[in-house]
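Worksheet: the structure to be examined is printed underneath.
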Amino acid sequence: MHDRNRATPEAARAPIQPLRHYWADERSRRRFVDDLFDRTAADYDAVERMLALGSGRWYRRQALQRAGLGPGMRVLDVATGTGLVAREALAVVGPGGSVLGLDPSAGMLSEARNLPMPLVRGLGEKLPCRDATFDFVSMGFALRHVADLDALFGEMRRVLKPGGTACVLEITRPRRAAAAGPLRVFMTRVVPAVATLAGRRDAAARLMRFYWDTIEACVPPEAVLGALERSGLRAARRAVVLGMFSEYVATKG
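For the sequence shown, the numbering used here assigns the number 681 to the initial residue and increments by one for each residue that follows.
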């Protein structure tokens with residue numbers, strides 16, 4: 681088993697422990713992740729609805745508002761995927777605000793193209809945006825798929841205006857085995873089984889198995905908060921909903 685206490689500085693900046701059965705190095709990791717999301721993009725929203733039991737839209741909007749998103753703000757949604765978080769951000773900021781969606785997957789961006797917002801292909805660790813541009817930067821359930829937490833949060837801080845907010849939503853493995861076990865079964869068995877009825881078994885099985893493996897391998901919340909603080913973002917905090925939904929929020933001074 682990987683020993684976090686013996687992690688190299690480079691490994692300490694990564695959000696997940698090495699997953700050798702998926703990839704061998706950073707290049708193959710990026711290739712695997714891009715291929716996974718490109719191949720499952722058309723089914724992603726349907727699988728997400730099964731996973732969230734239909735509550736995803738409500739939860740995302742509430743989480744953004746809890747973090748301080750309001751009307752008229754200019755938002756960057758990192759790892760926007762099919763636009764699930766961006767859609768709720770658009771509803772909150774209203775006609776006086778704006779949202780820019782960014783994602784490395786061409787397949788995911790293709791699914792988000794009908795949303796009334798510009799889309800850019802790129803990585804969160806290398807944002808193609810000017811300094812001090814946005815009031816709010818969001819990332820929904822994609823923290824586990826980046827290469828370097830320090831680089832990601834440093835870029836978020838760079839593109840935020842003074843006083844701006846970074847909001848990162850993520851699924852965290854419940855601390856209690858009694859809760860973690862049922863969640864694992866639900867994600868890796870129940871969701872794919874239900875997806876079979878909708879003809880999406882393959883996509884659901886691939887996504888849910890990978891999701892659970894990365895949830896288990898992810899660094900603890902304390903490491904995420906530490907990376908936020910190292911980036912220069914202030915007042916980093918974490919709220920927990922239902923014991924597994926982590927809402928990380930920090931501000932640029």
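Ideal Cβ positions, reconstructed from N, Cα and C, are used throughout, including at glycine.
The structure presented is a predicted model; accordingly, all values stated were derived computationally and were not measured.
For this session: Please state whether DSSP places Y702 in a helix, a strand or coil.
Result: Y702 falls in the coil class under three-state DSSP.
Exercise. With a CB to CB cut of under 6 Å and the five nearest residues on each side skipped, what residues in its chain are close to G933?
Worked result: R914, listed in sequence order.
Exercise. Does the distance from the C-beta atom of A822 to that of M730 stay below 8 Å?
Worked result: Between A822 and M730, the gap from beta carbon to beta carbon reaches 8 Å or more.
Exercise. Would the beta-carbon of L807 fall within 8 Å of that of V839?
Worked result: Taking 8 Å as the Cβ cut-off, L807 and V839 qualify as a contacting pair.
Problem set entry | Residues bridged to F866 [DSSP beta-bridge criterion] | Per DSSP, none; premise fails for F866.
Exercise. When DSSP builds the beta bridges, which residues end up paired with L849?
Worked result: Answer is G820, E927.
Problem set entry | Bridge-paired residues (DSSP) for C898 | Bridge partners of C898: I696.
For this session: Below 8 Å CB to CB, which residues in the same chain sit around V921 once its five sequence neighbours on both sides are set aside?
Result: The residues are Y739, A743, E927.
For this session: Report the residue from A786, R754, G787 whose alpha carbon sits nearest the alpha carbon of A771.
Result: Closest by alpha carbon: R754.
Problem set entry | Beta-carbon proximity of P698 to L829, cut-off 8 Å | In this structure, L829 does not lie closer than 8 Å to P698 by Cβ.
Exercise. How is R918 classed by DSSP in three states: helix, strand or coil?
Worked result: For R918, the secondary structure class from DSSP, reduced to helix, strand or coil, is strand.
Exercise. Candidates D811, T813, L803: which alpha carbon is nearest A831's?
Worked result: It is L803 whose Cα lies nearest to the Cα of A831.
For this session: Taking A722 as the reference, give the member of A883, T931, L749, R910 with the closest Cα.
Result: Selected option, being the one with the closest Cα: A883.
Exercise. For L795 versus L756, is the C-beta distance shorter than 8 Å?
Worked result: Going by C-beta atoms, L795 is not nearer than 8 Å to L756.
Exercise. So what's K806 in DSSP terms, helix, strand or just coil?
Worked result: The answer is helix: DSSP assigns K806 an H, G or I state.
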